[in-house]
Amino acid sequence: MMTTQGYQLDVESFQMKDEMYYPLEWTCFGADDATRLLTWDAERDRIRIRFEQYAVFLGALEEHGLDEAGLHNAYPVVKLNSSRFTQFAAEHMATERINSERGTLGHYVIRTFEQEFHVLAYEDPSVEDLGKVGDVGVVVEVVDDDMI
Numbered sequence: 017m018m019t020t021q022g023y024q025l026d027v028e029s030f031q032m033k034d035e036m037y038y039p040l041e042w043t044c045f046g047a048d049d050a051t052r053l054l055t056w057d058a059e060r061d062r063i064r065i066r067f068e069q070y071a072v073f074l075g076a077l078e079e080h081g082l083d084e085a086g087l088h089n090a091y092p093v094v095k096l097n098s099s100r101f102t103q104f105a106a107e108h109m110a111t112e113r114i115n116s117e118r119g120t121l122g123h124y125v126i127r128t129f130e131q132e133f134h135v136l137a138y139e140d141p142s143v144e145d146l147g148k149v150g151d152v153g154v155v156v157e158v159v160d161d162d163m164i
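In the working numbering, the protein residues as written are 17 to 164.
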């Protein structure tokens, strides 16, 4: 997701789970053509994006009084090593003192149609391909009438 340029995401669901390993989880519809997302095309992809247990969900920039203008990017998931948001988090959320033995926090941006979601995490998210929306796993077998 961090290397696929021009790919579009639309959020199906977002969960903040009370779970040990993957507390932040997005299930998204994805396509390289936005029309397939807007028309609910069965050929669009389903994708799960999960962040590890030490990740911090920051929401959208507007929720923190930061301007989001000009930050739109061509990739659906972007990792920033430093940003205005990481500086803001260090100053107001003490992120430089919490779990610092785990390494450096990365600022991840998940871009969807509606908005961009921001997460601070020590590890890259896991991305799982859930297949095509229209793929229900049912195999249709055509039987010749003469064989019955």
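All residues carry an ideal CB built from backbone N, CA and C; glycine is no exception.
- Taking one beta carbon from each stretch, the stretch 99-109 and the stretch 23-36 have fewer than 3 pairs nearer than 8 Å; the two do not touch.
- In chain order, 26 place their CB closer than 6 Å to the CB of residue 129, counting only its own chain and leaving out the 5 sequence neighbours on each side.
- The alpha-carbon of residue 90 is positioned some 11 Å away from that of residue 48.
- The C-beta of residue 54 has fewer than 16 other C-beta atoms within 10 Å across all chains shown, which makes the residue exposed.
- Uninterrupted beta strand (DSSP E) stretches at least 3 residues long and entirely within the stretch 21-74 occur at 24-32, 40-47 and 61-67, given in chain order.
- Per DSSP, the beta-bridge partners of residue 145 are 63.
- The C-alpha of residue 52 lies about 44 Å from the C-alpha of residue 117.
- Counting of Cβ neighbours within 10 angstroms places residue 50 among the exposed residues, the total staying below 16.
- Here residue 100 carries a helix assignment [DSSP, helix/strand/coil].
- Judged by DSSP in its simplified three-state form, residue 117 adopts helix.
- In this structure, DSSP gives residue 105 a helical state, which the three-state scheme calls helix.
- Residue 92 has its alpha-carbon roughly 20 Å from the corresponding atom of residue 39.
- With a threshold of 16 other beta carbon atoms within 10 Å, residue 56 falls short and is exposed.
- Under a 10 Å Cβ-count criterion, residue 17 is classified as buried, with 16 or more other Cβ atoms of the shown protein chains found around its own Cβ.
- Restricting attention to 22, 111, 58 and 71, the CA atom closest to the CA of residue 149 is found in 58.
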